[in-house]
Amino acid sequence: MKKRMLSALSLLMAVLMLTSCGSSGSPTEGEEGGSSAGAEGGPSKTVNIAISENCITLDPHNANNQGSLIVSDCVYEPLIQTDNEGGYYPWLATDWEYDETGTVWTFHLRDDVRFNNGEALTSADVVCTYQRLIDEYDSLCRAVELFPDHLLQSVEAPDEHTVVITLARPYSVALFSFAKTMIIPKSVYEAEGADMFYQQNLVATGPWKLEEWVDGQYAHYTKNEDYWNPNYDSYYEELYVRHVLESSTAVAGHLSGDLNANLTTGGINPDMLALYNGSEDRIEIIPVEVFSYYYMGFQCGEDSPFADINVRKAFECAIDRQSILDSIMGGGVVCKSVIPKGVLGYDENLPDYEYDPELAKEYLAKSSYNGEEIVLSSNTSTAKAEEQLLAISGMLNEVGFNTSVSIVENATLLDMRTTGDYDVFMVITMHGGGDPGSIMNMRIVQDAHSSDFVDEELNNYILSGLQTIDADERAEYYKKAAERLREVSAPHTALYSPYANYAIDYGVVGLDLYKDGMLDVTFVDYDPDATTFRGPDYAALSSF
Amino acid sequence: MLKYIGKRLLQTLLVLFIVSIFAFALIHMAGGNPALLLLPDGASDEAIKAMEHELGLDQPLYIQYIQYMIGVFQGDLGMSTAYKIPVADIIAERLPYSIKLTMGTVLVGCSLCIPLGIIAGSNRGKPVDFFAMFFALLGNSMSAVWLAVLNVFVFSVWLGWLPSMGAESFSNIILPALTLGYPMAAEITRVGRSGMIDTLSEDYITATYAKGISRRVVNWKYAFKNALIPIITLVGMSIGSYLAGAVVVETVFAWPGIGQLTNQAVGNRDYQLVQSLLLVSAALFTLINLVVDIINSLVDPRVSLE
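Heads up: the sequence lines are chains A and B, in that order. Read left to right, the first sequence gives residues 1 to 544 (this note's numbering). Read left to right, the second sequence gives residues 1 to 306 (this note's numbering).
See the structure below:
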């Protein structure tokens with residue numbers, strides 16, 4: 001009898017220990033993160049959004065992956081807002097101007113903004129933010145990405161609501177950089193330093209307050225009831241950003257109702273979309289024509305076959321981009337150059353890449369190529385890398401190349417590209433904010449991937465564009481750069497921009513599915529009358 | 001017993017020392033510069049060198065290893081290169097989830113299948129035996145990925161009974177525990193059955209029947225104890241591997257345990273984290289083995305610890 005009692009007690013204890021797993025915000029539990037009805041009889045006041053990347057850091061100045069940026073962007077705000085397509089709107093700053101050199105930028109701050117700890121936003125906070133980027137340039141990812149080559153020179157505050165930022169040289173995408181620099185509070189940063197992020201003490205001005213970030217699981221926010229902007233008052237009281245790394249799990253979670261949106265980086269795998277069949281009454285699939293594009297980079301060093309332009313031309317002509325796009329990538333747009341459709345400098349008149357195996361053979365015949373093996377490399381993070389490269393390899397071998405495929409870890413490919421130890425690599429990239437200047441500068445002029453290809457004419461076009469503030473003039477330089485790149489067929493050859501498909505519940509609006517491939521969930525809202533998804537209207541949000 | 005435990009702990013230290021060398025060597029042989037992962041694309045050579053210096057990557061390998069081991073003995077597993085916080089803190093946050101999942105899995109595996117294996121073994125050739133063997137064959141044949149996805153679509157999408165992901169409430173653990181627990185249950189059934197068959201053919205069992213003791217008492221009082229030993233070993237080994245991380249199941253169910261963390265750390269080339277995860281996993285595994293040996297000796301006095 002005693003033994004039975006003991007067994008029963010052991011079982012009970014085991015169950016109790018399991019039930020002690022906690023109870024915060026389970027997606028299926030109505031009150032916390034689930035599907036309970038709102039107070040007015042509408043859907044739940046909690047919205048669950050899946051993203052496919054984990055958050056690594058809450059430091060908005062040191063985030064180097066999309067998962068971290070999405071999480072911190074919900075609470076922190078910049079001086080100006082952008083739609084990532086070249087539109088800029090007043091936000092923490094009411095207006096701004098720059099001097100005739102394009103290097104001195106003056107911002108006038110709103111006087112009614114408060115951090116979620118009650119402190120007012122002043123120019124001291126902006127100075128603290130930008131000074132941090134200057135002082136810790138080498139250790140902050142965003143400092144290097146947004147203000148390369150020590151672009152930020154100084155930041156000053158002539159008065160409580162004015163900030164003057166001086167750049168080392170004119171920078172065409174400076175507005176985009178300002179729009180992506182999140183303002184942190186001076187008082188908290190001075191007291192705690194970077195520990196404020198590690199301790200999850202995110203004092204910020206944004207519409208959401210971080211309640212908790214659980215590594216590998218979710219970021220849980222509650223509505224900032226004292227948010228300064230009256231144009232945004234979300235229906236939702238709570239927001240969960242869930243890190244769901246496995247795509248089939250995200251789809252299943254969405255179908256089962258645990259999630260309201262499935263925002264997989266780069267879009268949901270086309271093979272998975274069929275699983276949504278039958279859920280059309282609740283879930284909308286949104287195809288976004290993104291700026292991101294696949295391209296291949298050539299090693300053009302002296303000993304490489306790609307030092308010969310005929311080999312590069314043969315390579316370009318041998319690839320049937322459209323068929324790969326249709327059969328493997330699930331649709332999209334074939335690129336004309338490394339400046340895809342929608343990006344500043346896109347040239348409609350540029351001829352398409354020609355798929356002509358016979359011409360490829362002719363180029364190859366007059367080249368110095370002797371049949372040496374060429375390895376096509378990509379990394380495990382690139383969607384369908386192996387399928388794409390196998391298809392490309394088959395096409396190349398058909399015309400006389402001797403190619404093989406190698407898929408390596410992300411870090412290994414980074415290493416290969418830094419040292420130049422590759423024949424050809426393929427990755428996907430995008431032009432942040434719709435301006436190709438910084439990517440082209442980094443990857444072509446600065447030769448970040450050690451391709452050993454130098455073309456002064458090409459470099460001059462890119463650098464001139466980068467230093468031109470006027471958008472139309474800048475676009476002309478970029479067009480010439482794209483045209484020149486097509487002429488020399490190096491160091492890159494562009495492939496295609498596949499559609500990015502996202503799945504969102506009807507009624508859930510305000511998520512920003514940027515065309516540059518980035519995502520932002522800050523302005524999520526619910527509209528019962530919405531018959532189709534719509535993103536945030538920044539013009540309306542910033543009309544004060 | 002204490003002498004034995006002390007000896008085994010020393011052996012454990014030796015195993016961990018060897019594991020640490022292997023982990024260190026494997027991670028560094030895999031290639032890729034973690035400094036590049038922490039810096040933006042196109043970072044200057046100076047910035048790369050500064051980051052390599054900060055991470056200690058500019059030191060010879062043996063110096064890096066010695067520095068790491070000195071830290072380990074001081075309870076410092078180093079800083080995660082990706083998270084930029086102490087590795088020990090990250091593991092401490094994730095380990096409880098792996099423990100919970102392991103407990104759930106063991107509960108699923110043992111609660112049904114120890115009795116099933118024993119009943120099957122004592123009813124050899126009867127319908128219950130065929131059922132148990134079919135159950136075991138099915139469990140051993142299914143891959144974890146397939147079973148995980150099947151469970152999600154059946155119980156979450158079609159029936160809507162259980163959440164498909166997360167780790168916040170009791171209901172979240174059911175599907176991953178079922179997914180991990182079923183193959184374990186199948187193995188327990190198989191081992192329990194064969195253990196029971198072996199035990200029931202022993203002379204002392206025949207003797208108990210001859211004394212007129214009932215079949216039920218013979219099965220559960222005399223045979224069960226001996227059949228339990230291989231099951232304890234099996235469960236112990238399984239606990240060790242689940243604590244070390246069930247990578248596939250944790251990834252599919254977005255369960256934030258050691259397995260998911262290991263997967264991410266390898267992808268991020270987070271040297272310090274991967275090394276420490278391997279070390280912690282090995283430590284858990286060897287300690288569980290020690291516990292299993294002790295339990296076996298308590299259950300069966302014939303098993304001598306000396």
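We put the CB at the ideal spot given by N, CA and C, even for glycine. The model shown is predicted, which means the values in this text are computed figures rather than measured ones.
Would residue i and residue j be called neighbours here (beta carbons separated by less than 7 Å)?
i	j	result
Ile184/A	Thr129/A	yes
Ala88/B	Leu95/B	no
Tyr88/A	Glu284/A	no
Gly86/A	Gly331/A	no
Ile197/B	Arg269/B	no
Asn140/B	Ala177/B	no
Val292/B	Gly212/B	no
Tyr198/A	Trp208/A	no
Ala548/A	Asn260/A	Shown here, chain A extends from 1 to 544; a query on residue 548/A therefore has no answer.
Glu289/A	Thr251/B	no
Val317/B	Ser169/B	Summary: the structure shown does not reach residue 317/B, with chain B confined to residues 1 through 306, and so no result is reported for it.
Leu414/A	Leu36/B	yes
Ser281/B	Ala244/B	yes
Thr105/B	Gly192/B	no
Val108/B	Ile119/B	no
Thr493/A	Met296/A	yes
Val241/A	Ile49/A	yes
Asp83/A	Tyr478/A	no
Leu273/B	Ser80/B	yes
Give the DSSP-derived three-state secondary structure of residue i in the structure shown.
i	result
Phe298/A	strand
Thr249/A	helix
Lys223/A	strand
Leu36/B	helix
Asp520/A	strand
Arg124/B	coil
Lys84/B	coil
Phe544/A	coil
Ser154/A	strand
Val163/A	strand
Arg242/A	strand
Lys209/A	strand
Asp89/B	helix
Val333/A	strand
Phe22/B	helix
Asp129/B	helix
Leu263/A	strand
Val427/A	strand
Thr66/B	Reading the sequence as shown, one finds Ile at residue 66/B and not Thr. Here Ile66/B sits in helix by DSSP.
Report buried or exposed for residue i, applying the criterion of at least 16 other Cβ atoms within 10 angstroms of its Cβ.
i	result
Pro73/B	The question names Pro, but residue 73/B is Phe in the sequence shown. Classification for Phe73/B: exposed.
Gln11/B	exposed
Glu32/A	At Glu32/A, the pLDDT of 41 sits below 50, so the modelled position is not reliable and the matter cannot be decided from this model.
Leu61/B	exposed
Arg534/A	exposed
Ser238/B	buried
Asp215/A	buried
Leu16/A	At Leu16/A the pLDDT is 40, less than 50, meaning the model places this residue with poor confidence and gives no usable figure here.
Leu13/B	exposed
His431/A	buried
Glu457/A	exposed
Gly6/B	exposed
Gly278/A	exposed
Trp158/B	exposed
(request) Give, in chain order, every unbroken run of the alpha helix (DSSP H) that is at least 4 residues long and sits entirely within the stretch 431-512 of chain A. (result) Every unbroken stretch of the alpha helix (DSSP H) spanning 4 or more residues and falling wholly within the stretch 431-512 of chain A is given here in chain order: 437-440, 456-466, 471-488.
(message) Taking contact to mean 3 or more Cβ pairs, one atom from each stretch, closer than 8 Å, check whether the stretch 184-196 of chain A and the stretch 111-126 of chain A are in contact.
(response) With a cut-off of 8 Å, the stretch 111-126 of chain A and the stretch 184-196 of chain A count as touching, because enough Cβ pairs lie within range.
(message) Ignoring anything shorter than 3 residues, give me the beta strand (DSSP E) runs that lie fully in the stretch 35-87 of chain A, in order along the chain.
(response) 46-51, 80-82
(request) Check whether the stretch 243-257 of chain A touches the stretch 485-497 of chain A, counting contact only when three or more Cβ pairs, one atom from each stretch, lie closer than 8 Å. (result) With the cut-off at 8 Å, the stretch 243-257 of chain A and the stretch 485-497 of chain A do not touch.
(request) Determine contact between the stretch 226-243 of chain A and the stretch 135-149 of chain A, defined as no fewer than three beta-carbon pairs at a distance below 8 Å. (result) no
(message) For the stretch 333-351 of chain A against the stretch 478-486 of chain A, do three or more pairs of beta-carbon atoms, one drawn from each stretch, fall closer than 8 Å, so that the two count as touching?
(response) Contact holds: three or more Cβ-Cβ distances are below 8 Å.
(message) When you compare the stretch 113-120 of chain A with the stretch 171-179 of chain A, are there three or more beta-carbon pairs, one atom per stretch, that lie closer than 8 Å?
(response) no
(message) As an exercise, report each continuous alpha helix (DSSP H) stretch of at least 4 residues that is fully enclosed by the stretch 101-160 of chain A, in chain order.
(response) 123-135, 141-146
(message) Pairs of beta-carbons, one from the stretch 434-445 of chain A and one from the stretch 305-312 of chain A, closer than 8 Å: are there three or more?
(response) no
(request) Determine contact between the stretch 71-78 of chain A and the stretch 514-525 of chain A, defined as no fewer than three beta-carbon pairs at a distance below 8 Å. (result) Judged by Cβ distances under 8 Å, the stretch 71-78 of chain A makes contact with the stretch 514-525 of chain A, as three or more pairs qualify.
(request) Mind listing, in chain order, the continuous alpha helix (DSSP H) runs of no fewer than 4 residues lying wholly within the stretch 258-298 of chain B? (result) 258-267
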